[in-house]
Structures are given as C-alpha cells and as structure tokens.
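Contents: one structure, followed by commentary.
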Amino acid sequence: MLKSKVFVKKTRKGGVMKIVREHYLRDDVWCRVSHCEHCDQSADDENLLDTAPFSPSKICNYPHYLLLDTNVVLHQIDVLEDPVFRNVIILQTVLQEVQHLNSSIYKRIRDMISNKDRKFIVFSNEHHRETYIERGKDEPSNDRNDRAIRTAASWYNKHLKNFQVSNDDEKRIRIVLLTDDKENREKAQKAGIISFTAHEYVESLEGCEGLVDRLAHSSDLGQDQMDDKKGRKFVYPEHLPLTKILSGIKSGKYLQGVFHRSRENYTEAYVFVHDGDKQVFIQSLMRLNRAVNEDIVAVQILPKSQWTCPSSVVTLTVADDDDEEEDENEETELNEGNTNKVLSGKVVGIIKRNWRPYCGVLSKSARPQGTRHLFIAAEKRIPRIAIETRQASALEGQRIVVSIDSWPQTSKYPVGHFVRKLGAIGDKQTENELLLLERDVPHLPFSAAVLKDLPVMPWSITDEDVKSRLDLRHIAVCSIDPPGCTDIDDALHWRMLENGNFEVGVHIADVTHFIKPGTSLDDEAWNRGTTVYLTDKRIDMVPGLLSSDLCSLRSNVDRLAFSCIWQMTPQAEIVSTTFTKSIICSRVSFMYAEAQMRIDDPSQTDEITVSLRHLNQLAKILKAKRIEQGALTLASPEVRFHIDSETHDPVDLQTKELQETNSLVEEFMLLANISVAKKIFQHFPEFAVLRRHPSPPPANYDVLVKAARSKGFDLEVDSAKSLAVSLESAQIPDEPYFNTLLRILATRCMMQAVYFCSGTIKEEDFLHYGLATPIYTHFTSPIRRYSDIMVHRLLAVAIGALDSYPDLLNKNKTQKLCNHLNMRHKMAQYASRDSIDLHCQLFFQNKAIEEEEAFVLFVRKNALQVLIPKYGLEGTVLMSKDSPTEVVFNEEEPSLKVGDVTYRLFDRVLVKINVNTSSTENKFLSFSLMSKKTDHVFIIFATMIRWRGVSNDNSSYTKKSATGSKLKEFGNTDTAATLHENLLSISLVPTLQHFKLPVHFSALYKIIISR
578 MLKSKVFVKK
588 TRKGGVMKIV
598 REHYLRDDVW
608 CRVSHCEHCD
618 QSADDENLLD
628 TAPFSPSKIC
638 NYPHYLLLDT
648 NVVLHQIDVL
658 EDPVFRNVII
668 LQTVLQEVQH
678 LNSSIYKRIR
688 DMISNKDRKF
698 IVFSNEHHRE
708 TYIERGKDEP
718 SNDRNDRAIR
728 TAASWYNKHL
738 KNFQVSNDDE
748 KRIRIVLLTD
758 DKENREKAQK
768 AGIISFTAHE
778 YVESLEGCEG
788 LVDRLAHSSD
798 LGQDQMDDKK
808 GRKFVYPEHL
818 PLTKILSGIK
828 SGKYLQGVFH
838 RSRENYTEAY
848 VFVHDGDKQV
858 FIQSLMRLNR
868 AVNEDIVAVQ
878 ILPKSQWTCP
888 SSVVTLTVAD
898 DDDEEEDENE
908 ETELNEGNTN
918 KVLSGKVVGI
928 IKRNWRPYCG
938 VLSKSARPQG
948 TRHLFIAAEK
958 RIPRIAIETR
968 QASALEGQRI
978 VVSIDSWPQT
988 SKYPVGHFVR
998 KLGAIGDKQT
1008 ENELLLLERD
1018 VPHLPFSAAV
1028 LKDLPVMPWS
1038 ITDEDVKSRL
1048 DLRHIAVCSI
1058 DPPGCTDIDD
1068 ALHWRMLENG
1078 NFEVGVHIAD
1088 VTHFIKPGTS
1098 LDDEAWNRGT
1108 TVYLTDKRID
1118 MVPGLLSSDL
1128 CSLRSNVDRL
1138 AFSCIWQMTP
1148 QAEIVSTTFT
1158 KSIICSRVSF
1168 MYAEAQMRID
1178 DPSQTDEITV
1188 SLRHLNQLAK
1198 ILKAKRIEQG
1208 ALTLASPEVR
1218 FHIDSETHDP
1228 VDLQTKELQE
1238 TNSLVEEFML
1248 LANISVAKKI
1258 FQHFPEFAVL
1268 RRHPSPPPAN
1278 YDVLVKAARS
1288 KGFDLEVDSA
1298 KSLAVSLESA
1308 QIPDEPYFNT
1318 LLRILATRCM
1328 MQAVYFCSGT
1338 IKEEDFLHYG
1348 LATPIYTHFT
1358 SPIRRYSDIM
1368 VHRLLAVAIG
1378 ALDSYPDLLN
1388 KNKTQKLCNH
1398 LNMRHKMAQY
1408 ASRDSIDLHC
1418 QLFFQNKAIE
1428 EEEAFVLFVR
1438 KNALQVLIPK
1448 YGLEGTVLMS
1458 KDSPTEVVFN
1468 EEEPSLKVGD
1478 VTYRLFDRVL
1488 VKINVNTSST
1498 ENKFLSFSLM
1508 SKKTDHVFII
1518 FATMIRWRGV
1528 SNDNSSYTKK
1538 SATGSKLKEF
1548 GNTDTAATLH
1558 ENLLSISLVP
1568 TLQHFKLPVH
1578 FSALYKIIIS
1588 R
C-alpha cells in the first residue's frame, strides 16, 4: 500500500516549493516473537523475543514484553542498560524520535539492540498497515507519536492472543507499556493497555534494589536545598520559553553561544557567541542562571553601567550559601570604580543542554538516615549535583558516575541520579578509567566488524603496487622518533644531486592504502579521531596490526609510503616539489638522542650520518627563515616518567630535554604540511581540509604584557613577528628560567588551532598565527590523526593516484567532520595532561612529602598560582581566610603581601607538596607556601643556624651572631643581596665550628664569601 505526504516548503529566495513524499505500508512486517506462526519469519534473524519471558517484577508477575515510550528511553537509559531488562520492544516511532533528540542515547540503545542476549527488538510500526496512523489536523507531533505508541501496544496485545493457546491466564504473554507521561498512561489504561511508570516498574523488581538509584528523578529532588542557612529562598530567574528566545535572537535582543564556566571561580563564566568573535562575561550565580558548562544558551547584554570584570579571587570548591553571599559582595566592591570592565550579560534561557555523565565523588549527607547527598564532579566547572541514593556508605571513598536529570528554578543544585561505581579513589585503573570517561575518549577494544576490514595475514607488497608506485628502496631513508615509539609515521632522506642541489624527501605511512572510505574500519578511525597518548599506554586510532606493523615505517622492511620530495639549494631554497605514492625501506629507526650522537660524532662518516648532518643544517636554515617571518617559539612544562616494568607505576620523572634532532624532524614535517596544503587548496579550493590558528584578540595579551612589565620589559604584541622579537629580547642574565616562564605565559594567550574546510571561510582567515604561514594542514601523521587520512585522500586525487568520490566534494559534510576532529583533538590533549597529573599524584603518594622550588605564574587576590619546573606541575597556593597574617593584594602590580613578605610574578618560592587523603577530594595533591626563595645555599645556612640557635641556649652564639633577631630577618628578605649582607654581618665560621657542623659546610661558606 502506498500513501503520499504532501507539504510545501519555503525556499531561501522566498519562493514556495511543493514536496511529495511516498510512504509504503505493508502487511508482512514481522512481530519478532519467536513462536509466532502468523508472521513471515526471517531465518537469518536471531534476535527474537523469548517464548516464555520472565521478569522479577512484583506488579507484573506474569509473562510480558516491555514496550517503551520515547521519554523512558531518553531519561532512563542508565536503568535500561542493566541486564535485568530483556524482551523489550522498541518501536520505529520511538527510535526515530530518540535519534532526532539525542544522538548519544540513540547509539546506546542501538548497542543494546545489536546485543542478541538482551532481546531488544525493533518493530517497524510506521510501515505496518495496522499500526501506522495519520497525524490529525492541528495535532501536535508529540501527541501523534504517543497515539502511535498506544496503537502499536494494542495491536501487539491482539496479535499475541491469536497464537497463545494456553487457557491459564497467568501464562499468557502481555504487553506492558512503560511511560512517565501522565496523560499517555491514562489514555493507555482506558484502551485496556497495562501501563506503569518507570519508577513503579523498577521499584517492583525483586533483587534489584540498587537499580532504584539509577532512576532519573523528577525535579522535586533537591528542594530541601532551596533554603539556605539564613532561611532565605534560593530562587533563580525563570528561563524564557524557546519561542521567545528564537525571536529575540532573530531581532538581536539576545545572543546565542556556548557557556564556559571558569575553572578558578565558580561564580563566573564566558559565553562564546555563535557567528561572531564576541565573548560575553557573566558574573554571579543568579546571572549564570542554572547554565552548565558547554550548554548552548541565550544571553542578554547588560547596560554598560552594570558591566563587571573577572575577579582576582580563586575559589577551588563550591562554597556554602553564606560564602556565596560574601563572595558576591566582594566582587561588587572589587568592581566599583574598576576601569577594566568588559562586555557583560546574563543567561536568559537554555537553547540546548549538553549534559553528559560526570565522574567524581560523593559528599555524604550529615543526616544519619538521609538518602539525599551531594556529588562533587572531577571537572571543576560542573556544579555540585543533588542525588538520592541508599548506598551512600558503600560509595564513600569511591569514584562514581552521575547524570543530571533537571535543574529546578528553586533548587540551588541540579538534580541527578547515580549511574555506576568505577572503583576506589586513588586506584590507578580507576583513575585511568575516570580520565578517559571525562574526556570522552573511545577506548573499548575494536569490534569484530572493524577487525574484519583488516588485511589478511601474511600481507606483502604486490607486483601491482610496485608498478603503480615510485620505488625508493635503494635510497638511504631513516626515521627519528621518541624512545619506545612503535607507530612510526614518518621517515626522511637526503642525497646530493648532480647539479649541486640537494634532494630531500619526507615519507609518510600510506594508511589510506589499508583504510577505504565507507568501511567499518574507516568509521571507527573517524569516530576516535586521534590516537591518545597517556603516560603509561597508548589508545590507538587504528588497530595495532596497522599502527605498529603494516603502516609503521620500521627499519629493514618494505613499506608503502606517500612521499613529498623537494629539490633544494644548499641555502634551503625550494626549486621543485613532487608528490608520489612510493615504496621505501628505512635503513635505521633512530631515537632522538641516538641520531644526535651520530651527528655529533666526527668519526661517523657513513651515508646515513652524512645525510643526517645535511638535514640538520638545512633544518636550521628553515627554522631561521620561519622565525624571521614571525613564527613563535613558545614553551610548556613537559615531564617524562620512568615507569616500573612490572607494576607500571611511576618511579622517577624528569623534565624533557629537546635535542637538535627534535627540531630537525619538526622543520621538515612543517615544510611537508605547508607544501601539501598549497597543493590540495590549488586543486580543491572549496573542499581542502586545512588547519588554521587564529590570531588572539589584543585583550588576551593583557596578563602577558603586565607580567613582562613587572620585570622592566615592554612586549610588542601587535603581530606575531613583533611578539617573537620581544620575547627573544626579554632575558635576565641571572634568571635563565625567566624567558621560559614568559613563553609559557604567552602560550596561555593563544587561541586553539582548528581544522576547517577551505570553502567555509575567507582565504585571508586561513592564517596559522603561531607558524606564521598563510596556509597549513596536517599530512604527516595518518597513523594517529584522521585529519591526515582525509588530506591523503585529497592529495591522492590531486595527483591522479586515486579516483574521486562524492564525500570529498561536500564542504558541509567535510566541515562537520572537521568539527568532530577538533573536539577529539582537544579531548585527547586534555586526557594526556590528566594522565601526567595522575602519575604525578601516584609518584608523590609513594614518596616522602617534599619541598620544591617553584615560580609564581599568576598572583590572585587570595592565592598564588605556581609552576614547579622539576615536575612540570602547576598548582594553586590558597591563602587561608583564618590565617592571622594580614594579606594585601595589589592588582596593578600585581603583588600579594603576606605579612612582611611581598610576592610578585616570577618570584622564586618554596612550596610543600601535600597528598590529600580525604574521601571527598577529586585531586590528590595540594600546595602550601613555605617561604620566598632567595639563594639555595644561603637558605641552607640560615635555616641551620636558626635551628641551632633555638635548640641551644648558648651565649657565645648570641654574641657572635649579633642577636638572634638578625637571623630571623632572612625569611622576610626580598633579595639575595640583602640576605648576603645580613649573613656577612654575622661571624658564622666560629659558630659553625662551635656547633661542630660538617667541614663541607664550612668549605661551602668560604666559597660563598670569596664570591
């Protein structure tokens, strides 16, 4: 049977288009019940409803199949994933609604459907003649869909009666509709359909008490938080309805953007406005108005008289109600008369919630019999979540997962439910799982469908491959990589040409030879987006057979490659560029240090070493040219862990040291990426996959400029070139680490580099600011980046090595792919940093607590943010509110005076690394201030003498030291010079001899005096 749907659609140009869609109805749609004799069954389909379904339900103590409405699937997915749910009917109507409303839940329900053991079946009610219904005139689509669900339930009940011959009513299979919609349930019951709410059904399941905690709760949970300690009502402003929001956005009254809460102050956020470069600052909980990080919100710009500026106050945890009022009052006072006010607004409505499951810890209620508790997320930008659980005691000291259900207007906190337990706090496996979940890193084993697309082993290069490729196996090719690298993407070669020029080649693994478009392997690689490098393991984008074997350019084996070959002058000027599919055989796989030793050893004169020296010289020239053009050399603290081979725990760590060979590889990879970018843009001006790095807005540099000025340097930030020159000249001879600190700060000012499709923005916006190149892409790492696979396919078509296909020429689809890859790339970076933090925490758990040298990176009103170079650790030292020492903040300088000591940017300080043992802490490490750092040896002497002076009542010591108060001044001195003068005024040598201190201390002191 054929039905037609006719409707009209308005075109972009204002015209009207008539659309006719055909809808086919059939009589032979299978019910998917295993013992049904009335339907035409498919012999290949093994996922069928059981003949004798069983469920441990007290209220449904008869055989039954569950039929779910859309809201139950959307809101109770965490419960439905429990194995107790079997023999479930998912209607086509429901599946389509879920797909439209939430792609993540759609994927989860599809996974359950594909699991044969779960017995989740799909019934195509929209194509069955007896279950399809037309939408009534003026009938809302939701009402029509609810009616379709009831119609299908009634049909199933009638259909089941046709072939159930048992006279025992208790053995007859029935349909049970689960719906949380009150009206839908009432109508279902009137139609004779058995129906229950999800809560009623789950609470009736025997032996599944813990499952109740996973139920998504209604908005009344959390109402007991509506009153604060002073009896005030906590009521947020009402959100505007979506219709008003959309009309307001259209008229310009409201702006739409993504909400990003501050990590340092939970009462502040920015909204990054869509279709523009505006950033709207929001301050105070009422103006944040229940928005959660990454929600898409509507904001209203405030009158200029109400604009504020970011606070200097650091709040590491959500405070109590009383503290909130104090914080807001403080911000009001802070902003009065402030000339640095920024564009400010308030959230007036939520356009789309981007909630996800959150990992963290439970803060158990103080009430002995209480079932309502607060959840503290590991992500600091997520507010506390009110949940109800009867397992609070069992969940103490555990990492758990919680989902948000709603955020009522009268509840201080969002309301959610417990999902599952991950494991004990501090357990390495648990913490690894947490960081992967938090960063949404796909990390499950590759599916059978993906592995099926891999080449059959043993694999070898065919005669056809040899004929269609340039054979470079006779050339001295080598690779240079970090220690332990098995996914070798790139290799290099150099050789002299007869005309005196050089031939230089970059050879990249030809991953696209093995990964074809449209396969499960390709889909999985795109979904993962990138390989994720953790401290102790690697989560591959593609299966190990490709990443570590067939695609890896290992030495002494033939490999397929995609080569970029230049003819260069000895001055690194490019004469010509060639791109070709090739076959190579790498001679040596170097580590960076090994390649450096070969270059530096004059006794080595073999072909590979000579080529390395020439490549190194060319790389230096290329780097000098880039810097001359304005390329930035920035810095970030990096550490390398030494991992125990058996326990896989960190036993030592050190900062990474870069060799010249690091720069050698980097320069030629950059050159290859630039060359490929030009080639694919030339052939595909609308469809090229490129990478850009936007220039930062001037305001981003305010912190950097102020920091440099505090040390007497005026940085020019009007262009990348001027910034690079300024950074190079900002050197302090006695402080070699100062310039590194300044470059670390400059890195924080930068924008995120992103992938994009060339046809979606203007060519002048292609610029890569950090590299100072007008066009750039990623070509050199296809084993670990899907973006490079896309670029390889474009380049292959451009040189005639591959036939084109439609997806390459769809810029909207390409841009969506790029957006996904940008997200995956960012999450992979976060996961890597989280892994380093985790291993630092594990490292210090197994060590005595240490005091370490640190540098002040930022000065806040109530805190110092410091960097510990030895470990690459950053931390916040909070000044306690209860401390008797007076704390004075100078925002202009900026500086923080604590008692008699003043702390400024880049000052050296000593910090103590503390290990937290609290069961409600998400972070293991905290930092406390020990003293201001001057000179290591002076502090050793002063500390020892102060200790001896206190612990020994010796009159000669007091006389010779010109009173003990003189020594106490060492902790308050601002410079090493002042301390030196103080120490010189004290006759220390007799004192050292008097207390029989080790001779080497006396020797050290004499050296100091001689300086």
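Numbering (my numbering), first residue to last: 578 to 1588. Glycine residues also receive a C-beta, built at the ideal position from the N, C-alpha and C atoms.
- Contact between H1260 and A1330 is absent: CB atoms are separated by about 23 Å, not below the 8 Å threshold.
- Around P1060, the same chain offers M1168 as residues with beta carbons nearer than 6 Å, after the five sequence neighbours per side are excluded.
- Under DSSP, A1431 takes part in a beta bridge, and its partners are V1486.
- Excluding its 5 nearest sequence neighbours in each direction, Q986 has C-beta neighbours in its own chain below 7 Å: V812, Y813 and E815, listed in chain order.
- Excluding residues up to 5 positions away in sequence, V661 lie with their Cβ nearer than 6 Å to the Cβ of C785 in the same chain.
- With a 10 Å radius around the Cβ and a threshold of 16 neighbouring Cβ atoms, Q1006 comes out exposed.
- Taken through DSSP and simplified to helix, strand or coil, I1338 comes out as coil.
- Where C1128 is concerned, there is no enclosing beta strand (DSSP E), because DSSP gives it neither an H nor an E.
- A straight-line Cα-Cα distance of about 21 Å links K1390 and Y683.
- A Cβ-Cβ contact shorter than 9 Å links A969 with H950.
- If you compare the alpha carbons of L939, E956 and A955 with that of T948, the shortest gap goes to L939.
- Its Cα nearest to that of L1372, the residue K1256 stands out among V649, S1358, K1256 and N1250.
- Going by beta carbons, Q1422 and F1333 fall outside the 9 Å limit.
- K998: member of the beta strand (DSSP E) spanning V992 to A1001, first to last residue.
- The closest CA to that of G937, considering only G974, I927 and L782, is found on G974.
- Boundaries for T1210: no alpha helix (DSSP H) harbours it, and the DSSP string shows neither H nor E there.
- With at least 16 other beta carbons inside 10 angstroms of its own, L754 counts as buried.
- Beta-bridge partners assigned by DSSP to F1139: I1085 and K1158.
- For R967, there is no enclosing beta strand (DSSP E), since its DSSP letter is neither H nor E.
- Membership of V1443 in the beta strand (DSSP E) is indicated by the continuous run A1440 to I1445.
- Separation of K1403 and H736 (C-alpha to C-alpha, rounded to the nearest whole angstrom) is 52 Å.
- Approximately 5 Å separates the beta-carbon atoms of Y1110 and S1409; this is inside 8 Å, confirming the contact.
- The criterion of a C-beta distance shorter than 9 Å is not satisfied by L1011 and L1098.
- Collapsing the DSSP output to three states places G713 in coil.
- Per DSSP, reduced to three states, the secondary structure at W1071 is strand.
- With contacts defined as CB atoms closer than 9 Å, A725 and Y709 qualify as a contacting pair.
- In the DSSP annotation of this structure, the continuous segment of the alpha helix (DSSP H) that includes A1170 starts and ends at Y1169 to D1177.
- When DSSP reads this structure, S1460 sits in no beta bridge, so it has no partner.
- Between I1065 and R1131, the beta carbon gap of about 6 Å places them in contact (Cβ cut-off 8 Å).
- When only Cα atoms are considered, N1076 and Q1148 end up about 14 Å apart.
- For I826, the enclosing alpha helix (DSSP H) stretches over residues L819 to S828.
- For the 9 Å CB-CB criterion, L1386 and E1430 do not form a contact.
- Excluding residues up to 5 positions away in sequence, K918 and S921 lie with their Cβ nearer than 6 Å to the Cβ of W884 in the same chain.
- Contact between V1187 and M1145 does not hold, since the beta-carbon distance rounds to 16 Å and is not under 8 Å.
- Remark: C-beta atoms of V869 and R930 approach each other more closely than 9 Å.
- When the alpha-carbon of I878 is set against those of T1039, K635 and L865, the nearest one is in L865.
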